[in-house]
Amino acid sequence: MCVALVGGMDRLERNYITEAAKLGIDLRVFTKPETEMAFKIRNVDALVIFTNKVSHKAKREAMNVAKAKNIPVFMHHSCGICTLRDCLSCLKNTNKGEKNV
Numbered sequence: 251m252c253v254a255l256v257g258g259m260d261r262l263e264r265n266y267i268t269e270a271a272k273l274g275i276d277l278r279v280f281t282k283p284e285t286e287m288a289f290k291i292r293n294v295d296a297l298v299i300f301t302n303k304v305s306h307k308a309k310r311e312a313m314n315v316a317k318a319k320n321i322p323v324f325m326h327h328s329c330g331i332c333t334l335r336d337c338l339s340c341l342k343n344t345n346k347g348e349k350n351v
């Protein structure tokens with residue numbers, strides 16, 4: 251499973267990736283707007299946006315891609331490791347339920 255994270259803190263990027271790896275999730279982190287960000291996130295399974303630490307431009311670009319590609323979006327105001335861990339755990343549990351149906 252591949253998830254994109256838009257927003258968050260630069261200094262926590264390595265921790266975000268480590269926590270996702272513990273859950274078996276490939277995480278792509280975008281803490282600031284990047285060139286061709288839309289191209290890089292168009293094939294992810296889900297999108298997580300930390301709304302307190304993201305530029306309006308990056309959020310808007312990510313939301314447009316998610317809407318066009320029908321990617322589920324999870325928005326959280328806080329940007330801590332625990333918030334990401336909880337979100338990814340919930341996402342992983344949701345996907346398990348869909349596969350069993």
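Residue numbering for the sequence shown follows the numbering used here, beginning at 251 and increasing consecutively.
Note that the Cβ used here is the ideal one computed from N, Cα and C, for glycine as well.
Three-state secondary structure (DSSP) of residue i
i       : result
Val-315 : helix
Arg-292 : coil
Leu-341 : helix
Leu-273 : coil
Option in the options with minimal Cα separation from residue i
i       : options                            : result
His-326 : Ile-299, Lys-309, Val-279          : Ile-299
Met-259 : Lys-272, Leu-273, Val-279          : Val-279
Glu-263 : Ala-308, Lys-309, Leu-334, Asn-320 : Leu-334
Lys-282 : Gly-330, Gly-274, Ala-312          : Ala-312
Thr-301 : Lys-309, Asp-295, Glu-286          : Lys-309
Per DSSP, the bridge partner or partners of residue i
i       : result
Ile-299 : Val-256, Met-325
Contact check, residue i vs residue j, beta carbons under 7 Å
i       : j       : result
Lys-290 : Gly-257 : no
Val-315 : Arg-292 : yes
Leu-338 : Ala-270 : yes
Leu-273 : Lys-342 : yes
Ile-275 : Met-251 : yes
Ile-331 : Asn-265 : yes
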